[in-house]
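Right, one structure below, let's go through it.
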Amino acid sequence: MIQRQTLVQDEKQQEQYEASVEVEDAEETADAAQENSLMLVRGMVDDDMEHIADMKEQFSQTIDPILRMYNAAMCATTARLEIIEDEFKYRKLRCPIHHIDTRLKSAKSILGKLQKKDLDLTLGAACNNIYDIAGVRVVCSYIKDVYLIRDRLMAQDDIHIMEIKDYIEQPKGNGYRSLHIIIRVPVYFMNKKQMVPVELQIRTLAMDLWASLEHDIKYKSLYQDVTMDFSDELKECSRLIYEAEEKMEVMNAALEE
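If you read the sequence shown in full-length UniProt numbering, its first letter stands for residue 1, the second for the next number, and so on.
Structure follows, in structure tokens:
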């Protein structure tokens, strides 16, 4: 059974997770075509996020239906991954999925990202410009497993692939490696179907460890009086980890032949 580690259990853990996602994927796709726009829930009191942010109860009533929609998309995506895992178990094959993490952005984080991207502070702008409100992170054992999961998802014809960023083949400047995919998944409600965006991050255990430790070091550097620069050391660690992963994968491939 996939071990889910939902990272919204306490406010501090959620903020740290969201900060790591901001660092990992600062650039977002600019696809705002009419056909992909999400319909907002009818009857909302106010669409201006700045105005309603000061009224907690009203803000909650307004944002909750939107977050429920993204939560449904996150659950639907996770269910598809569980089906993939179950099939591998049924066929008595090694499962490419080690575990899955999920994250739903808070209203505060959504508002902050709108401000950072200099967008209108409205729910409409959020739904049609911020594609990582719902996030699913798939952690695999080997590099080849990352692309296997990618291919299995892309083969599902009701999933719309919006964008793929391969930071494994071409890592970020700081050494970060992961495969990022923005997808739209169908979510069926009582009176309509919505194609809701979900950000998928697919990476290996080693890549996930590096990203976690890199975020921890960067977080401490931001909030403590630290003047040391570990950029070069972090990049070197990323390179060494990737080399070790490639060697381990060769050994595993020899055993699976």
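Note that the Cβ used here is the ideal one computed from N, Cα and C, for glycine as well.
Treat the numbers as computed from the prediction; the structure is a model and nothing was measured.
Of the listed residues the options, nearest to residue i (C-alpha basis)
i, options, result
"W210", "C75, V187, K113, E236", "E236"
"L111", "L104, I83, T122, T102", "T122"
"D166", "A79, K113, R150", "R150"
"K247", "T77, I84, I143", "I143"
Three-way DSSP call (helix, strand, coil) for residue i in this model
i, result
"A134", "strand"
"Y188", "strand"
"M228", "coil"
"E119", "In the sequence as displayed, the identity of residue 119 is Leu instead of Glu. Here L119 sits in coil by DSSP."
"I217", "helix"
"P197", "strand"
"E169", "coil"
"R177", "coil"
"R68", "helix"
"R103", "strand"
"R91", "coil"
Alpha-carbon to alpha-carbon, residue j and residue i
i, j, result
"residue 262", "I217", "Since the first and last residues shown for the chain are 1 and 257, residue 262 lies out of range."
"K117", "I161", "23 Å"
"K192", "M69", "12 Å"
"D157", "P171", "29 Å"
"S109", "A126", "11 Å"
Buried versus exposed call for residue i [16 or more other C-beta atoms within 10 Å across all chains shown]
i, result
"G173", "exposed"
"M251", "exposed"
"L137", "Checking the sequence shown, residue 137 turns out to be Arg, not Leu. Result: buried."
"A134", "buried"
"D145", "buried"
"Q115", "exposed"
"A26", "Here A26 scores only 43 on pLDDT, less than 50, and its place in the model is too uncertain to base an answer on."
C-beta contact flag for residue i and residue j at 9 Å
i, j, result
"I159", "V185", "yes"
"V139", "I97", "yes"
"Y131", "L179", "no"
"A72", "F189", "yes"
"S141", "T204", "yes"
Any non-hydrogen atom of the ligand MN closer than 8 Å to residue i Cβ
i, result
"H99", "Ligands displayed in this structure: none; no statement on the ligand MN is therefore possible."
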